[in-house]
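Last residue of the sequence shown: 209 in the numbering used here, with the numbers rising by one and none dropped.
Everything below concerns the one structure shown next.
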Amino acid sequence: MIIIKKELIKPASPKSETINIIITIILLILFAGILLHFTNTKHYTKSVTSTQISSIDLNNEEISIFTNLGLFAQDYKDLKSDNKDLSPKVLDEQLFYAPFCKDASWEDSGKHKWTMFTHENYVYYVGISSDKNIAGDFFLVINAKTFEYKIRYTKNFKDYDKLSNNKETLAHAINQFKEIVAYTGDDLAKETKGN
């Protein structure tokens, strides 16, 4: 049988050992606090100018219209090569393109009356809401040469009836409205990471 001998070892100086342990704990806490300061995420916000509005400021119906207009604008070049006429009537009755198509979602999102006109090198799609409590007015402006686009927004375009007969004045008024800036998944990732 093996006998284990137990021996109690006393510290040379219990006071100095206690002080060393306390100093070690304090240094660890300070070091952890400094590291925490460096790993703290910075707040990210997407910069929006005074001439823009963020898509997160829109309600659900307006976000739906904004998304559908963006999808249509991205397909515009291909649609234009297949069809010479891309009026809202054709988009509604033949191509069934949202938000121009008059279906249940059109009724739920403000029953916009869509018109189209061209001015200089731009094609303007104007959507005037029948119910301002549900959604505001939308304007899709597409460059006919480069196919770049902007989606503009106002809650209530009061002067539309007065300006609708003069394309130049109407185009100028539309270009004064706020451009909608999309809040994308990249923005969400940056906000989460704190970049």
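Quick reminder that beta carbons are idealized off the backbone N, C-alpha and C, glycines included.
Predicted model, so just to flag it, every value in this text is computed and none were measured.
- Exposed is the label assigned to residue 47, since fewer than 16 other Cβ atoms lie within 10 Å of its Cβ.
- Beta bridge pairing from DSSP links residue 15 with no other residue.
- Around the C-beta of residue 45, fewer than 16 other C-beta atoms lie within 10 Å, and the residue is accordingly described as exposed.
- Proximity to residue 167 across 175, 154, 91 and 37 peaks at 154, based on C-alpha coordinates.
- For residue 134, the closest of 186, 112, 146 and 88 by C-alpha to C-alpha distance is 186.
- Between residue 195 and residue 68, the gap from beta carbon to beta carbon is short of 7 angstroms.
- A direct Cα-to-Cα measurement between residue 15 and residue 21 gives close to 19 angstroms.
- Close CB contacts of residue 50 within its chain, under the 7 angstroms cut and outside five residues either way in sequence, are absent.
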